[in-house]
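Working notes, beginning with the structure itself.
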Amino acid sequence: MLLFVALMGYLVYFNVVRAKEIVNSPYNERQNNFAERVVRGNITDRNGNILAETQLAEDGSEYRVYPYGDIFAHVVGYSDTDYGKAGLESMENFDLLTSNAFFLEKLRNEFQDVKDMGDTVVTTLDADLQQTAYNALGANKGAIVVMEASTGKILVMLSKPSYDPNQIAVQWEYLNGDAENSPLLNRATQGAYAPGSTFKVVTALEFMREHSDYANYTYDCYGEITQDGTTIRCFDNTVHGFQDLKGSVVTSCNASFSNIGLTLNRTAYRKTAEELLFNKKLPCSLDYTKPSFAVNENTSDAEMMMTAMGQGNTMTNPYHMALITASIANGGTLMEPYLVEKVTNYTGTEISKNVPKSYKRLMASEEAAQLKEYMAAVVNEGTGMLLSGQSYSAAGKTGTAEYSMVDGEKTHSWYMGFTNVDNPELVISVIVEGSDGQDGAKAVPIAKQVLDAYYYGG
Ligand SMILES: [Zn+2]
Numbered sequence: 381m382l383l384f385v386a387l388m389g390y391l392v393y394f395n396v397v398r399a400k401e402i403v404n405s406p407y408n409e410r411q412n413n414f415a416e417r418v419v420r421g422n423i424t425d426r427n428g429n430i431l432a433e434t435q436l437a438e439d440g441s442e443y444r445v446y447p448y449g450d451i452f453a454h455v456v457g458y459s460d461t462d463y464g465k466a467g468l469e470s471m472e473n474f475d476l477l478t479s480n481a482f483f484l485e486k487l488r489n490e491f492q493d494v495k496d497m498g499d500t501v502v503t504t505l506d507a508d509l510q511q512t513a514y515n516a517l518g519a520n521k522g523a524i525v526v527m528e529a530s531t532g533k534i535l536v537m538l539s540k541p542s543y544d545p546n547q548i549a550v551q552w553e554y555l556n557g558d559a560e561n562s563p564l565l566n567r568a569t570q571g572a573y574a575p576g577s578t579f580k581v582v583t584a585l586e587f588m589r590e591h592s593d594y595a596n597y598t599y600d601c602y603g604e605i606t607q608d609g610t611t612i613r614c615f616d617n618t619v620h621g622f623q624d625l626k627g628s629v630v631t632s633c634n635a636s637f638s639n640i641g642l643t644l645n646r647t648a649y650r651k652t653a654e655e656l657l658f659n660k661k662l663p664c665s666l667d668y669t670k671p672s673f674a675v676n677e678n679t680s681d682a683e684m685m686m687t688a689m690g691q692g693n694t695m696t697n698p699y700h701m702a703l704i705t706a707s708i709a710n711g712g713t714l715m716e717p718y719l720v721e722k723v724t725n726y727t728g729t730e731i732s733k734n735v736p737k738s739y740k741r742l743m744a745s746e747e748a749a750q751l752k753e754y755m756a757a758v759v760n761e762g763t764g765m766l767l768s769g770q771s772y773s774a775a776g777k778t779g780t781a782e783y784s785m786v787d788g789e790k791t792h793s794w795y796m797g798f799t800n801v802d803n804p805e806l807v808i809s810v811i812v813e814g815s816d817g818q819d820g821a822k823a824v825p826i827a828k829q830v831l832d833a834y835y836y837g838g
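Going left to right, the sequence shown walks through residues 381 to 838 as the working numbering numbers them.
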């Protein structure tokens with residue numbers, strides 16, 4: 381009789397537990413009931429390094445431990461009974477509070493009134509590379525995303541300033557009150573930055589679409605261009621002279637791109653931007669800010685000039701720029717990005733596994749091939765030259781994004797690119813806030829440190 385009741389209870393329990401969406405809702409009271417039956421499982425990196433685990437206090441109460449402190453704070457998040465959940469802790473709540481421990485063990489636990497061990501979430505993250513990225517960004521504010529072009533696996537997602545999820549309850553008010561640094565904000569996905577010159581890749585794509593003879597484009601740069609009372613200058617007023625489209629990308633010539641912007645069809649430009657996921661939902665399981673592109677048929681010439689070179693009202697984040705780069709690297713097809721490699725039970729037996737799948741084609745393969753060639757030239761002969769001459773090849777685009785309308789000296793430094801140009805491997809996107817100097821001056825050396833660590837060990 382006892383056994384029968386236990387088994388019935390078991391069946392009901394499972395039927396109720398299986399409603400994943402309901403369980404994951406942060407408003408669901410039942411979440412806490414599961415926590416009374418299951419010890420919240422571990423979160424690990426791709427190599428089994430523990431990113432989050434549950435430990436027992438002396439009084440028997442459970443608490444969450446994050447061995448890497450603030451290094452994984454935004455992507456792994458936190459789980460706290462009073463302050464809720466964020467990051468993977470929120471997104472994977474169901475799996476962490478589900479136990480696929482062996483049946484007999486669970487039955488024994490049931491009789492002994494002992495909790496079952498929750499499942500382990502094995503992520504695609506690479507703890508060593510994340511640590512390298514953390515060190516490379518140093519005391520700067522900014523973000524770094526690294527993913528695989530051909531699979532969509534996310535290896536690194538870093539945001540600074542960060543916080544220590546072990547201290548979330550103690551520091552809650554301080555963290556929420558720090559408006560200047562916004563340490564809880566995941567800049568990788570929730571940042572809203574002007575793309576700066578990285579956007580020239582999008583503008584070049586639109587120009588190619590409107591002009592099948594784009595290879596014949598030439599422009600004579602005098603270091604600045606004026607239209608409608610608006611003057612756009614090249615970096616340091618550099619006079620770039622005659623250049624074609626490729627040259628304009630390689631030298632990141634603002635005048636040439638402003639000139640291109642004046643010729644573009646506003647409706648078509650918006651369509652291209654939206655195909656690259658501006659104004660669209662992103663394939664992203666974490667909280668993010670939707671990238672925006674504001675051009676429409678009423679946009680002024682001045683605004684078109686600024687938009688074409690990456691200023692204006694366009695807003696994006698490093699994660700989104702990584703997705704665009706990944707599609708260029710991957711022949712136009714964006715693979716669906718993902719953070720969870722698999723779920724196992726607590727002893728390591730596989731329960732479910734994610735496999736790479738295509739998300740969407742963002743551009744034609746010929747277009748991707750042409751942009752790839754331009755981006756390779758940026759590294760071989762242009763503003764990304766620091767990355768040339770390595771054992772790995774690289775292609776990319778640098779950027780400087782002005783963020784102060786009052787003080788034009790205040791800029792963010794961008795780099796987006798990929799490695800192994802012939803058979804693209806890693807995609808990297810870096811933003812460093814509040815830097816000055818030439819395109820990518822701060823972001824490129826940081827990208828290089830991360831890529832060097834991956835290819836040479838670090
Ligand atoms: Zn120029």
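Every residue, glycine too, gets a C-beta built ideally from N, C-alpha and C.
In the DSSP assignment, Y599 falls within the beta strand (DSSP E) that extends over Y599 to C601. Taking D600 as the centre and dropping the five residues before and after it, the same chain places the C-beta of F622 closer than 6 angstroms to its C-beta, in chain order.
For G428 and G814, the gap between their C-alpha atoms comes out near 36 angstroms. With respect to L477, G464 sits apart: the two C-beta atoms are not nearer than 8 angstroms. With three or more CB-CB distances shorter than 8 angstroms, the segment 526-535 counts as touching the segment 734-747. Secondary structure at L535: strand, using DSSP grouped into helix, strand and coil. Taking C-beta atoms as the reference points, L535 and L505 count as a pair closer than 8 angstroms.
E761 and V630 have their C-alpha atoms some 7 angstroms from each other. Closest in C-alpha terms to N800, from the list K777, T780, L831 and V812, comes L831. Scanning N676, K626 and F637 for the CA closest to the CA of R650 turns up N676. When rounded, the separation of the alpha-carbon atoms in Y443 and H792 is 39 angstroms.
Checking the 7 angstroms criterion, the Cβ of T799 is out of range of every heavy atom belonging to ligand 1. Here Y573 is near T696, since their CB atoms are less than 8 angstroms apart. Annotated three-state conformation of Y594 is helix, per DSSP. Remark: the shortest separation between the CB of A635 and any heavy atom of ligand 1 falls under 7 angstroms. Ranked by how close their Cα comes to the Cα of T713, the residues A702, K722 and V720 have A702 in first place.
In the DSSP assignment, M527 forms a beta bridge with I534 and V807.
The beta carbons of D819 and F615 sit closer together than 8 angstroms.
F482: not part of any alpha helix (DSSP H); DSSP gives it neither H nor E.
Closest option to G522, judged by alpha-carbon separation, among Q770, K661, T643 and Q570: Q570. Beyond the five residues adjoining it in sequence on each side, N480 comes within less than 7 angstroms, by CB distance, of D499, N725 and I731 in the same chain, given in chain order.
Between V759 and A775, the gap from beta carbon to beta carbon is short of 8 angstroms. Residue pairing of G776 in beta bridges, as defined by DSSP: G797. Taking the CA atoms as reference points, S441 sits about 8 angstroms from Q435.
Judged by their CB atoms, G421 and V501 are nearer to each other than the 8 angstroms cut-off.
Distance from I640 to T583 at the Cβ level is roughly 6 angstroms; contact confirmed, criterion being Cβ atoms closer than 8 angstroms. Between V525 and Y795, the C-beta spacing is not below 8 angstroms. When the beta-carbon positions are compared, E721 and R426 come within less than 8 angstroms of each other. Between ligand 1 and the CB of T610, the shortest heavy atom gap is not smaller than 7 angstroms. In this structure, ligand 1 has a non-hydrogen atom nearer than 7 angstroms to the beta-carbon of T618. Counting the other Cβ atoms within 10 Å of the Cβ of Y448 gives 16 or more, which makes it buried.
Between ligand 1 and C601, a heavy atom-to-CB distance of less than 7 angstroms is present. Contact between V812 and A823 holds, since their C-beta atoms are separated by about 5 angstroms, short of 8 angstroms. Unbroken alpha helix (DSSP H) stretches of 4 residues or longer found wholly inside the segment 686-727: 698-709, given in chain order. Taking a C-beta distance under 8 angstroms as the contact criterion, K580 and G690 qualify as a contact pair.
Only residues of its own chain outside the window of five on either side were considered, and among them D425 and N429 have a CB closer than 6 angstroms to the CB of A507, listed in chain order.
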